[in-house]
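Quick note on numbering: the sequence shown equals residues 1 to 366 in UniProt numbering. Where a beta carbon is used, it is the ideal one built from N, C-alpha and C, also for glycine. Beneath this line is the structure, given in structure tokens, with notes to follow.
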Amino acid sequence: MAVTKIHGIKTTVDKAIEYICNPDKTDQNLYISSFACSPETAALDFKYTLDHTHDCRDPHNTNKAFHLIQAFSPGEVSYEEAHQIGRELADRLLEGKYSYVLTTHTDKGHVHNHLIFCSADNITFSHYHDCKKNYWKIRNLSDTLCQEHNLSTIMPNGKKGMKYNEWAANKSESSKKTQLRKDINQTIRIVSTYSEFLTFMEAKGYEIKNAEFGENSRKYITFRSPDMSRPVRGSAKSLGKNFTKERIKERIENKRQKAIFPSVHNKLIDTNAPNIAGNIGLQKWANKENLKIVSAEYNKMLTHNLHNFSELEDRIALLHMQQKEVNTSVVSLESQIRHLREMLKYAKQYQKNKIYDDHYKSSKDP
1 MAVTKIHGIK TTVDKAIEYI CNPDKTDQNL YISSFACSPE TAALDFKYTL
51 DHTHDCRDPH NTNKAFHLIQ AFSPGEVSYE EAHQIGRELA DRLLEGKYSY
101 VLTTHTDKGH VHNHLIFCSA DNITFSHYHD CKKNYWKIRN LSDTLCQEHN
151 LSTIMPNGKK GMKYNEWAAN KSESSKKTQL RKDINQTIRI VSTYSEFLTF
201 MEAKGYEIKN AEFGENSRKY ITFRSPDMSR PVRGSAKSLG KNFTKERIKE
251 RIENKRQKAI FPSVHNKLID TNAPNIAGNI GLQKWANKEN LKIVSAEYNK
301 MLTHNLHNFS ELEDRIALLH MQQKEVNTSV VSLESQIRHL REMLKYAKQY
351 QKNKIYDDHY KSSKDP
């Protein structure tokens, strides 16, 4: 299920974009996309478009941009899929006419998208109308995308609707499954291979079975922590479609591919997009912006004493090795924290009951 809301931005467009692009919230800029602008210059790009609408703009319309938020239910969607849904929502809603910056925030318990788009389009320079009709259009588009991605939706009467395969199961599922999903998502973020994933999950205290692939392997991987009475299947019905062993492996591989120049890929403007390819002025602007972006990225490489692709690859390999060492330490510390929490629980219980034992020992026999 995804909840949507939208509000106008009248003044500080640059600060709003800076907030949604915070590296600490977007997994170090991994989940940032843009269209017909770059995140660094989006506020100026919006201003350029708005300046061309000055003569025909409604004097009562003071919005420079709009900020749309799309929030998903906890544990229902991966970061990658949430970002993909956000892109599809932006493209269907704005129809390739409006410049926008899209980010997915991963720092909260629930995954959510932030979409900031210019209040005027690049084709006719007309303004986006923030009205009830368009709000329902946003909500309906979001619900449609949730259905297409097999997520839950909201029924017309305002009640929670069924997921394509389940809503009731998710509604009543235990906190242990929620914790398992959280552990799986966190582990996927810090590993590079499927085998590393299994090692790190075992270090977190999970007993894992049926993790292998092949003709003779069982269909579902299972996870069991010490506080679980029985194993939990990694199936679409039990945990969700993003937590099968096939999907877990795919998510890890996709993350590795996106990790190579993620910011450059997301910043570059697609000059083959229909609205740009058919407009010579926009084509020239897009090519010029792309040159600026590539040049800026190369200058960043030079500041890190990197002069060619080979040196960059070597540096990435070194950083991956260092990251692996840090991740191993993190998992070890998490395991210690869990053990200490368990000890603390029993210590509190002992402290609570000790007073009765003391009274019993000090009491006189009748």
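CB-CB length for residue i against residue j, believed under 8 Å
{"i": "residue 367", "j": "Leu282", "result": "Residue coverage of the chain in this structure runs from 1 to 366, which leaves residue 367 outside it and unanswerable."}
{"i": "Pro39", "j": "Ile17", "result": "6 Å"}
{"i": "Asn101", "j": "Leu151", "result": "Looking at the sequence shown, residue 101 is not Asn but Val. Contact doesn't hold; Cβ gap of about 24 Å is too wide."}
{"i": "Ile9", "j": "His52", "result": "The pair is not a contact, with the Cβ atoms about 19 Å apart (cut-off 8 Å)."}
{"i": "Lys176", "j": "Asp227", "result": "7 Å"}
{"i": "Leu180", "j": "Ala120", "result": "In fact, because the Cβ distance is near 46 Å, the residues do not count as touching under 8 Å."}
{"i": "Ile188", "j": "Ile248", "result": "7 Å"}
{"i": "Pro74", "j": "Thr178", "result": "7 Å"}
{"i": "Val191", "j": "Ile252", "result": "6 Å"}
{"i": "Asn216", "j": "Glu80", "result": "About 30 Å; that fails the 8 Å criterion."}
{"i": "Thr31", "j": "His83", "result": "Position check: residue 31 holds Tyr in this sequence, whereas Thr was assumed. Confirmed, about 5 Å."}
Reduced DSSP category for residue i - H, G, I as helix; E, B as strand; rest coil
{"i": "Lys163", "result": "Only weak support exists for where Lys163 lies, its pLDDT of 48 falling under 50; the value from the coordinates is given anyway. Here Lys163 sits in coil by DSSP."}
{"i": "Ile252", "result": "helix"}
{"i": "Val13", "result": "helix"}
{"i": "Gln70", "result": "strand"}
{"i": "Thr26", "result": "coil"}
{"i": "Leu89", "result": "helix"}
{"i": "Phe35", "result": "strand"}
{"i": "Met155", "result": "The pLDDT assigned to Met155 is 49, lower than 50, so where the model puts this residue is not dependable, and the model offers no usable value."}
{"i": "Lys5", "result": "strand"}
{"i": "Ala203", "result": "helix"}
{"i": "His129", "result": "coil"}
{"i": "Arg233", "result": "strand"}
{"i": "Ala273", "result": "coil"}
{"i": "Phe261", "result": "Its pLDDT being 47, under 50, Phe261 is placed unreliably in this model, and the coordinates cannot settle the point."}
Own chain, CB closer than 7 Å to residue i, minus 5 neighbours either side, in chain order
{"i": "Leu141", "result": "Leu89, Arg92 and Leu93"}
{"i": "Asn46", "result": "Checking the sequence shown, residue 46 turns out to be Phe, not Asn. Closer than 7 Å at Cβ, skipping near neighbours: Val13, Lys64, Ala65, Ser99 and Cys118."}
{"i": "Gly86", "result": "Gln70, Leu102, Thr104, Asn113 and Leu115"}
{"i": "Ala211", "result": "Leu198, Ile221 and Lys245"}
{"i": "Ser335", "result": "Ala203, Lys204 and Gly205"}
{"i": "Ser235", "result": "Tyr220 and Thr244"}
{"i": "Lys241", "result": "Asn150 and Arg247"}
{"i": "Gly278", "result": "none"}
{"i": "Glu348", "result": "Reading the sequence as shown, one finds Lys at residue 348 and not Glu. Cβ within range, chain order: n/a, list empty."}
Segment limits, beta strand (DSSP E) that includes residue i
{"i": "Cys118", "result": "His112 to Cys118"}
{"i": "Lys209", "result": "Glu207 to Lys209"}
{"i": "Ile293", "result": "It is not in any beta strand (DSSP E) - Ile293 instead sits in the alpha helix (DSSP H) that spans Ile280 to Thr303."}
{"i": "Tyr100", "result": "Tyr100 to His105"}
Opening and closing residue of the alpha helix (DSSP H) in which residue i lies
{"i": "Tyr346", "result": "Phe309 to Ser362"}
{"i": "Phe223", "result": "Where Phe223 is concerned, there is no enclosing alpha helix (DSSP H), although the beta strand (DSSP E) it sits in stretches over Thr222 to Arg224."}
{"i": "Phe243", "result": "Careful: Phe243 lies outside any alpha helix (DSSP H) and carries neither H nor E."}
{"i": "Thr49", "result": "Ala42 to Asp51"}
Close Cβ partners of residue i (< 8 Å) along its chain, the five nearest in sequence each way excluded
{"i": "Leu306", "result": "Leu312 and Arg315"}
{"i": "Ile276", "result": "Ala36, Ile269, Asp270, Leu282, Gln283 and Ala286"}
{"i": "Trp136", "result": "none"}
{"i": "Thr193", "result": "Ile252"}
{"i": "Phe125", "result": "Thr49, His52, Thr53 and Cys56"}
Residues near residue i by beta carbon distance below 6 Å, same chain, minus five either side
{"i": "Lys25", "result": "His105 and Asp107"}
{"i": "Lys324", "result": "none"}
{"i": "Pro23", "result": "Asn29"}
Heavy atom of the ligand PLP within 7 Å of residue i beta-carbon
{"i": "Val326", "result": "Absence of the ligand PLP is noted for the structure shown, with no ligands found whatsoever."}
Stretch pair the segment 175 to 190 + the segment 210 to 229: three plus CB contacts closer than 8 Å:
yes
Touch test, the segment 200 to 210 against the segment 320 to 332, Cβ-Cβ under 8 Å, three pairs minimum
yes
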